[in-house]
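Residue 635 in our numbering sits at position 620 of the sequence shown, and the numbers go up by one each step. Ideal placement from N, C-alpha and C gives every residue a C-beta, glycine not left out. These numbers were taken from a predicted model, which means no experiment stands behind them.
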Amino acid sequence: MTALSLSVDDRTYRRRINAWALYDVANSAFVTTILAALMPPYFSAVAGATLPSAAIATQRWSLSLSIALFISAVLAPILGTMSDITRGKKVLLSVFMAIGAIASGLMVLVGTGDWLLAAILIIIARVGLSGSVVAYDSLLPHVAKPEDQDAVSTRGYALGYLGGGVLLAINVVMLNVIPDDVFGFPFEFAGVRLSLLSVALWWVLFSLPLFLLIPEPQSATEKLKPGENVITASFDRLRETLRDVRQYSDLFKFLIAFLIYNDGIGTIIGVAAIYGAELGFDTTELVLALLLVQFVGIPFSFMVGNLANPKTMNRHISLAFVLFNVITLPIVAITARATLTPDVTGAPLPPYATTGDFVGEGTYSALTFAEGAAWTEETVPADVLDTDADVPYLYTDTTGSRFEVPFNGQNITISYATGPDAGVFALELDGAPLLDDDGEPVMVNAFSETVRSGVTRTFRAAEPGEHTLMLVHASNDGTRLGFGPVTVQPPERGGNLGVIIPVLLAMQVLAAAFALLGGGRLVRGLADTLNTKRTILLTLAVYAGIAVWGFTVNSTVEFWFLAWMVGIVQGASQALSRSLYASMSPAAKSGEFFGLFSVMSRFSAITGPLLFAGAVALFGQSRPAVLSLVALFVIGGYLLTQVDVEEGRRIAREEDQRLAESMG
16 MTALSLSVDD RTYRRRINAW ALYDVANSAF VTTILAALMP PYFSAVAGAT
66 LPSAAIATQR WSLSLSIALF ISAVLAPILG TMSDITRGKK VLLSVFMAIG
116 AIASGLMVLV GTGDWLLAAI LIIIARVGLS GSVVAYDSLL PHVAKPEDQD
166 AVSTRGYALG YLGGGVLLAI NVVMLNVIPD DVFGFPFEFA GVRLSLLSVA
216 LWWVLFSLPL FLLIPEPQSA TEKLKPGENV ITASFDRLRE TLRDVRQYSD
266 LFKFLIAFLI YNDGIGTIIG VAAIYGAELG FDTTELVLAL LLVQFVGIPF
316 SFMVGNLANP KTMNRHISLA FVLFNVITLP IVAITARATL TPDVTGAPLP
366 PYATTGDFVG EGTYSALTFA EGAAWTEETV PADVLDTDAD VPYLYTDTTG
416 SRFEVPFNGQ NITISYATGP DAGVFALELD GAPLLDDDGE PVMVNAFSET
466 VRSGVTRTFR AAEPGEHTLM LVHASNDGTR LGFGPVTVQP PERGGNLGVI
516 IPVLLAMQVL AAAFALLGGG RLVRGLADTL NTKRTILLTL AVYAGIAVWG
566 FTVNSTVEFW FLAWMVGIVQ GASQALSRSL YASMSPAAKS GEFFGLFSVM
616 SRFSAITGPL LFAGAVALFG QSRPAVLSLV ALFVIGGYLL TQVDVEEGRR
666 IAREEDQRLA ESMG
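Below, the structure is given as structure tokens:
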């Protein structure tokens, strides 16, 4: 049989399982550090600095990802089928891993204005990731015994969380300690760029055990016919499989269900940071919440994944532990928001009001603060600002011109223009120079090779209240400055993580006590009914609850408790979906079928965010869009209930037997 690695001794079997799972550690670093945390803001602020606006930079970034996803979707089934025919799963994995890692490493070359280089590299690296994962997933039925596939797939996801989280934590340190020079040579944004390089090294390092310890599975598919090449054969096999959909009806039912519910999972992962920013959480807190999900996902991936295995001892205790969390997390967080002070919970404070000449919370045209003959009004073209209407800016070329903004609040965001003729401006707060963290006066250089309006900087007063911010044209070389809309930001959220995190940990102690001291007995009957499909359904029910709670969340304590809840189900839901699909796929055609699985994953990455964006466009805000995700979990879950898993597995075994007999 093609799963030749399954007949080895126990020690070799365990080593191969661990080597396979470590590839999740390898590629998760790219997903976490590059795709989620560092590259999106770096692309917008640095690589895309010469583009007309930040919105256009974001558009180019999104377009790059869409191109990569489209290429991946087209290639995935072809590459998977090729790997079956040519006995080339490891070869395919190594080639695309190298492509992804090299492209990631070359991102160290991306500096200011290099948006095209960054876009090309992100497309190549993303395609490399997708191609390698097709081959990696298709190795699962050749590495793990059927009864172990749930546990092994879960191990991969859990270790992936660990790997992605550890490297991201290292990268956060690198961002703060690496100076913008290396060995005495100037190297702008060195912390970010070396973090991108570290992903390539990490990816290669943790891929080595798979290549060294796992043998290439033998091909059990029919040999090439005379005059047939691998490309045409791959297309022929794909056509045959799609033509024989009825033969694999339960497998394809699962694929449709997976496409729909994975839309919801992928969207929650993809928009969590944006949604958190919209609610007023700062970048540091969002990165820390991402790290929380990574590390919480490690034990819970194992715990929830093991619920699907009837051989797991005390799984009723694990189920009680999980259910205690799922039920009590929202109750405790919502109660805390309602009863504790905002400085502890991070609940929103009343908006700053306008007091006399001091403007309160909101966005104001530069004309609101126009004063002095040195300032002239200029309307910026809509395509430069990427807005629906022209926006007036106030410009001056007179050294010493002052732009005064009286405001009532604490954080204020100033929009200004950059360009080849733009100069430097200094800032005064309440009549004194505004100082940076080193005690030096803040000076902003607006020079750029490309004209760009809508560039923003946020400045902070030590305490909320009535303040006057003065922007002073400090250049004396004939340059000019342009200032646009001014935003007085809402009050800073509080939230005491020194209280929130200990409460979360204390709840885990209570959950363990509940599970061990009787809770496990209460749910033993339910635990005994769980299998892979029903455990996935359980995670989808939790996800539906997350979407409902996300609709109302409005405090730091809720945001962190919600992140913990996502960590409970995120890894297991995806790991069990992968292993369930593997169990219903013929091992001899694992490359081909995991190519189709990859296509569905790619569509999930496209259609889910589109649905979310459509809901935002319809309702004008993200809260209803989050709630709309419930439909994806309900519909996907219902379709999953219609899948006859045992029938799908029987058909897969019969196809493997047929192919083995045809090979002689």
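- In the three-state reduction of the DSSP assignment, SER416 falls in the coil class, being assigned neither a helical nor a strand state.
- Exclusion of the five residues before and after ILE138 leaves SER79, ILE82, ALA83 as the residues of its chain whose Cβ lies within less than 6 angstroms of its Cβ.
- Between SER168 and ASN42 a beta carbon distance of about 15 angstroms is seen, past the 8 angstroms cut, so the two are scored as non-contacting.
- Assigned with DSSP and collapsed to three states, PRO479 falls in strand.
- Taking C-beta atoms under 8 angstroms as the contact rule, GLY291 and PHE574 qualify, at a distance of about 6 angstroms.
- In the displayed model, PHE576 falls within a helix according to three-state DSSP.
- Straight-line spacing of the CA atoms in VAL40 and GLY312 works out to 13 angstroms.
- Beta-bridge analysis with DSSP links THR502 to THR378, THR428.
- For LEU144, the enclosing alpha helix (DSSP H) stretches over residues 130–153.
- Linking ILE332 to GLY533 through their CA atoms gives a straight-line distance of about 9 angstroms.
- CA-CA distance, ALA134 to PHE45, rounds to 15 angstroms.
- Take ARG170, set aside five residues on each side of it, and the residues of its chain with a beta-carbon closer than 6 angstroms to its own are ALA36, in chain order.
- In the three-state reduction of the DSSP assignment, GLU386 falls in the coil class, being assigned neither a helical nor a strand state.
- At a Cβ-Cβ threshold of 9 angstroms, LEU90 and GLY115 do not count as neighbours.
- Distance from the CA atom of THR370 to the CA atom of LEU654, rounded to whole angstroms, is 57 angstroms.
- About 6 angstroms separates the CB atoms of VAL572 and GLY361; that is less than 8 angstroms, so the two are in contact.
- According to the DSSP secondary-structure assignment, ALA441 is paired through a beta bridge with MET458, VAL487.
- In terms of Cβ geometry, ASP659 and ALA602 do not form a close pair [threshold 9 angstroms].
- Here ASP265 really is in contact with GLY663; their C-beta atoms are around 4 angstroms apart, less than 8 angstroms.
- For LEU225, the number of other beta carbons within 10 angstroms of its own is at least 16, and it is reported as buried.
- Note that the region 154–168 does not touch the region 121–130; fewer than 3 beta-carbon pairs, one per stretch, sit closer than 8 angstroms.
- GLY175 is not bridged by DSSP to any residue.
- Under the DSSP definition of a beta bridge, LEU409 partners with GLU392, PHE498.
- With the rule of 3 Cβ pairs closer than 8 angstroms, the region 573–587 counts as touching the region 302–318.
- Shown here, ASN546 sits in coil according to DSSP, grouped into three states, outside any helix or strand.
- Distances from the alpha-carbon of THR354 to those of ALA675, PRO421, SER570, ARG539 put SER570 closest.
- Residue pairing by DSSP places VAL470 opposite TYR431 in a beta bridge.
- Between the region 633–653 and the region 274–281, the count of C-beta pairs closer than 8 angstroms reaches three or more; the two stretches touch.
- Taking 8 angstroms as the upper bound for CB-CB distance, PRO506 and LEU409 are not in contact here, some 28 angstroms apart.
- Approximately 30 angstroms separates the beta-carbon atoms of ALA52 and ILE229; this is outside 8 angstroms, ruling out the contact.
- In this structure, DSSP gives ASN423 an extended state, which the three-state scheme calls strand.
- With contacts defined as CB atoms closer than 9 angstroms, VAL302 and VAL187 qualify as a contacting pair.
- An exposed status is given to PRO366, since fewer than 16 other beta-carbon atoms sit within 10 Å of its beta-carbon.
- Counting only the Cα atoms, THR343 lies some 46 angstroms from LEU227.
- The closest CA to that of TYR431, considering only PHE418, GLY424, GLU231, ALA477, is found on PHE418.
- Taking a C-beta distance under 9 angstroms as the contact criterion, SER222 and ALA587 do not qualify as a contact pair.
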